[in-house]
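Here the sequence shown is numbered in this note's numbering, starting from 90 and rising by one per residue. We treat Cβ as the ideally placed atom computed from N, Cα and C, and that holds for glycine. Working notes, structure below.
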Amino acid sequence: MRSALFINLKTNKMIQVFKCDHCHHFTQDAEEMRMHEAKCSFNPALKKCYTCLHSYEAGMPISGSMRGCEKKLDIIKGEEVGMCVGWEADA
Ligand SMILES: [Zn+2]
């Protein structure tokens, strides 16, 4: 988690925001960010699909993005829970 200071140009007041180390998510609430990073899909420590070598874009024209797994492991569990047994770092 990183924090940064911004000036709100309307009120001229400084606001502090917290940014996720792994994605573009940010918030003014440090506690919310701590909770976000603990389950962020892009946090490699959690071994979820987005950071895994074996995950690929399977594609779904109607619903948008859908992941596929080269190892045919459970992608729902892999993404929701993480700590997947087949996870390897995406180089
Ligand atoms: Zn994040």
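Practice item. Answer yes or no: the CB of GLU126 versus the heavy atoms of ligand 3, is any distance below 7 Å? Key: Ligand 3 is absent from the structure shown, which contains only ligand 1.
Review point. Should PHE107 be labelled buried (16 or more other beta-carbon atoms within 10 Å of its own) or exposed?
Key: The residue labelled residue 107 in the question sits at position 18 within the sequence shown. It counts as buried.
Check your understanding: In the structure shown, what three-state DSSP assignment does THR100 receive?
Key -> Walking along the sequence shown from the start, residue 100 turns up at place 11. Looking at THR100 - three-state DSSP - the assignment turns out to be coil, as it is neither helix nor strand.
Practice item. Would you list the one or two residues that DSSP bridges to PHE95? Key: As a first step, residue 95 is located in the sequence shown; it is residue number 6 there, counting from the start. Per DSSP, ILE104.
Exercise for review: Over the uninterrupted alpha helix (DSSP H) stretch that includes GLY153, give me the two end residues.
Suggested key: Here residue 153 refers to the residue found at position 64 when the sequence shown is read from its first residue. Run containing GLY153: none; DSSP gives neither H nor E here.
Point to revise | Assigned secondary structure, GLU126 (DSSP; H/G/I helix, E/B strand, else coil) | key: Here the question's residue 126 lines up with position 37 in the sequence shown. Looking at GLU126 - three-state DSSP - the assignment turns out to be helix.
Practice item. Report the partner residues of TYR145 according to the DSSP bridge assignment. Key: As a working mapping, residue 145 is identified with position 56 in the sequence shown. Per DSSP, GLY157.
**Study point:** Local Cβ density within 10 Å of LYS237, reported as buried at 16 or more and exposed below that
**Key:** In the structure as shown, the chain starts at 90 and stops at 180, and residue 237 therefore has no counterpart that could be examined.
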